[in-house]
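Protein chains: 2
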Amino acid sequence: MVQEQKTLLAAADKLKEYKIKNTPQRQVILSYLMTSHDHPSIEMIFNYVRGNGFSVSLATVYNTLQLLIDNNLIIEIAADSGGHMRYDYFEVPHYHVICVNCNRIVDVFDDEYKKNEKNAQLETGFQVFNSQYEVYGLCPECQEKIKQNA
Amino acid sequence: MVQEQKTLLAAADKLKEYKIKNTPQRQVILSYLMTSHDHPSIEMIFNYVRGNGFSVSLATVYNTLQLLIDNNLIIEIAADSGGHMRYDYFEVPHYHVICVNCNRIVDVFDDEYKKNEKNAQLETGFQVFNSQYEVYGLCPECQEKIKQNA
DNA sequence: CCGTAATTGATAATCATTCTCGATATAGTA
DNA sequence: TACTATATCGAGAATGATTATCAATTACGG
Chain A
2 MVQEQKTLLA AADKLKEYKI KNTPQRQVIL SYLMTSHDHP SIEMIFNYVR
52 GNGFSVSLAT VYNTLQLLID NNLIIEIAAD SGGHMRYDYF EVPHYHVICV
102 NCNRIVDVFD DEYKKNEKNA QLETGFQVFN SQYEVYGLCP ECQEKIKQNA
Chain B
2 MVQEQKTLLA AADKLKEYKI KNTPQRQVIL SYLMTSHDHP SIEMIFNYVR
52 GNGFSVSLAT VYNTLQLLID NNLIIEIAAD SGGHMRYDYF EVPHYHVICV
102 NCNRIVDVFD DEYKKNEKNA QLETGFQVFN SQYEVYGLCP ECQEKIKQNA
């Protein structure tokens, strides 16, 4: 079985687990988010689905992403300096380090970071559901580029 | 001297410190963000400025906020479930705990939290400029409300 | 395999944000 | 205080991402 089919099946399983009705569009979108580390934009997702031979409209992409967000399967990242939202599979909590120059997004899995939610709960009395941490800076490559142009 | 005038002067000083040209609109907008704990939306800021007897257009509010963001004086928070951005004076780093029911935003000043940026820098090699942490949950009051309706 | 409720998708509508550009106000200097 | 270059202001138009519409299609429990 090719890798592509495996991830489609994994996505289908995940949809069933979360009691979300399975459709080809949803399977492809979720499998893309589960396996890529692209943190894709709406447009990238739209092109990916069509590029893989499935019909889809922008409305469906928006609807599907909202559904996945509501089920805490993915999160929305306000990351792209072009004003486009980016999306990420988020079953395993992590945070994002974003290059303000090239818009690259790097995942960081850090156990220390997970303590922040508990602290927030203690400090405020809120019942915490989730949280989002984003760090902005220059990636090593862009630091080099800027040095060379100076 | 009344409090209102003091905060206008404090805002003027801050603008001068950051070498931002001073205008009445900028002074009022910054003083509002410096003193209120509203985390106001664009619309709230617009109404506040006009309500205090200053002329202003929406374009100026947007321009001014972008200018203050670029100078790291304030940040933009994707917080309001109505899809409106919210703004906050951010000279002293802190994070936000947001009620998903009533949209209330609570500031938390926590020294532990500040370490996250350093960790991110070490993990990724990025040159970090700033970061943003948002926690989503239910505030104590909304927890009560929901209990009563159950 | 059927019936029903949910989903899809082409298009239109919405609305927050950005752009335009003439009018106006500011900072710096003397 | 007056002058001048320069930047900002602001009303309305333009933009463009997102949402709504609704008929046709599809998924899936029984």
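Protein chains in written order, with the working numbering: chain A, 2 to 151; chain B, 2 to 151.
Just so you know, even glycine gets a beta-carbon here, dropped at the ideal spot from N, CA and C.
If the cut is a Cβ gap below 8 Å, which residues of chain B does residue i touch?
i, result
"SER42 of chain A", "Under the 8 Å cutoff, chain B gives no residues; its nearest Cβ is about 16 Å from SER42 of chain A."
"GLN202 of chain A", "There is simply no residue 202 of chain A to check, as chain A begins at 2 and stops at 151 in what is shown."
"SER56 of chain A", "What SER56 of chain A touches in chain B: nothing, since even the nearest Cβ is about 28 Å away."
"TYR114 of chain A", "ASN117 and ASN120"
"ASN72 of chain A", "The contacting residues do not exist; ASN72 of chain A stays about 15 Å from chain B at best."
"VAL107 of chain A", "THR125 and PHE127"
Let me make sure I understand the geometry here. Which of the options has the alpha-carbon closest to that of residue i?
i, options, result
"VAL29 of chain A", "A:PHE110, A:ASP111, A:GLY52 and A:VAL98", "A:GLY52"
"THR24 of chain A", "A:ALA12, A:LEU34 and A:MET35", "A:ALA12"
"LEU68 of chain A", "A:VAL93, A:ASP112, A:LEU31 and A:ASP14", "A:LEU31"
"VAL109 of chain B", "A:GLU77, A:ILE75 and A:LYS119", "A:LYS119"
"ILE78 of chain A", "A:ILE147, A:ASP39 and A:LYS20", "A:ASP39"
"VAL107 of chain A", "B:THR125, B:LYS116 and B:TYR114", "B:THR125"
"SER37 of chain A", "A:PHE55, A:VAL62, A:LYS22 and A:GLN4", "A:GLN4"
"PHE55 of chain B", "B:GLU145, B:LYS148 and B:GLN26", "B:GLN26"
Please find out if some non-hydrogen atom of the ligand GTP comes closer than 7 Å to the beta-carbon of residue i.
i, result
"HIS95 of chain B", "In the structure on display, the ligand GTP does not appear, and there are no ligands present to speak of."
Report buried or exposed for residue i, applying the criterion of at least 16 other Cβ atoms within 10 angstroms of its Cβ.
i, result
"PRO141 of chain B", "exposed"
"LEU127 of chain A", "Rather than Leu, the amino acid found at residue 127 of chain A in this sequence is Phe. Buried, because 16 or more other Cβ atoms sit within 10 Å of the Cβ of PHE127 of chain A."
"LYS7 of chain A", "exposed"
"ASN150 of chain B", "exposed"
"LEU59 of chain A", "exposed"
"GLN17 of chain B", "The question names Gln, but residue 17 of chain B is Lys in the sequence shown. Result: exposed."
"LYS15 of chain B", "buried"
"ILE46 of chain A", "buried"
"ASP10 of chain A", "First, the amino acid is wrong: residue 10 of chain A is Leu here, not Asp. Burial call: exposed."
"LEU123 of chain A", "exposed"
Less than 8 Å separating the beta-carbons of residue i and residue j?
i, j, result
"ALA96 of chain A", "PRO41 of chain A", "It is Tyr, not Ala, that sits at residue 96 of chain A in the sequence shown. Result no, Cβ atoms of TYR96 of chain A and PRO41 of chain A do not sit closer than 8 Å."
"TYR156 of chain B", "ASN72 of chain A", "The shown model of chain B, from 2 to 151, leaves out residue 156 of chain B, and the question about it has no answer."
"TYR90 of chain B", "LEU74 of chain B", "yes"
"GLN133 of chain A", "GLU113 of chain B", "no"
"LYS115 of chain B", "PRO94 of chain B", "yes"
"TYR63 of chain A", "ILE76 of chain A", "no"
Ordered along the chain, which non-local residues of its own chain (more than five positions away) have a Cβ less than 7 Å from that of residue i?
i, result
"CYS143 of chain A", "CYS100, ASN102 and CYS103"
"VAL98 of chain A", "VAL107, VAL109, VAL136 and GLY138"
"THR65 of chain A", "GLN26, ARG27 and ILE30"
"VAL57 of chain A", "GLN26, PHE47, VAL50 and ARG51"
Please list, in chain order, all residues of the same chain as residue i whose beta carbon is under 6 Å from its beta carbon, the five residues on each side excluded.
i, result
"ARG105 of chain A", "CYS140"
"ASP111 of chain A", "none"
"TYR33 of chain A", "TYR49"
"HIS85 of chain A", "SER42"
"GLU92 of chain A", "none"
"ILE21 of chain B", "none"
"TYR19 of chain A", "ASN72"
Please compile the residues from chain B whose C-beta is within a distance smaller than 9 Å of the C-beta of residue i.
i, result
"ASP111 of chain A", "ASN117, ASN120, ALA121 and GLU124"
"GLN149 of chain A", "Going along chain B, no residue has its Cβ under 9 Å from GLN149 of chain A, so there is no contact; the nearest lies around 15 Å."
"VAL50 of chain A", "The premise fails here: VAL50 of chain A is roughly 25 Å from chain B at the closest Cβ pair, so nothing lies under 9 Å."
Quick one: which chain A residues come within Cβ less than 7 Å of residue i?
i, result
"LEU139 of chain B", "PHE127 and GLN128"
"ALA79 of chain B", "ALA79"
"VAL62 of chain B", "Within 7 Å Cβ-Cβ: nothing; VAL62 of chain B doesn't reach chain A, min ~18 Å."
"GLN26 of chain B", "Ordered by position in chain A, no residue passes the 7 Å Cβ test against GLN26 of chain B, which lies about 24 Å from the chain."
Near residue i, which residues of its chain fall below 8 Å by C-beta distance, leaving aside the five closest residues on each side in sequence?
i, result
"MET35 of chain A", "THR8, ALA11, ALA12, LYS15 and TYR90"
"ALA121 of chain B", "PHE127, VAL129 and SER132"
"THR61 of chain A", "GLN26"
Run down chain B in chain order and give the residues with a C-beta less than 7 Å from the C-beta of residue i.
i, result
"GLU135 of chain A", "SER132 and GLN133"
"VAL98 of chain A", "ALA121, THR125 and PHE127"
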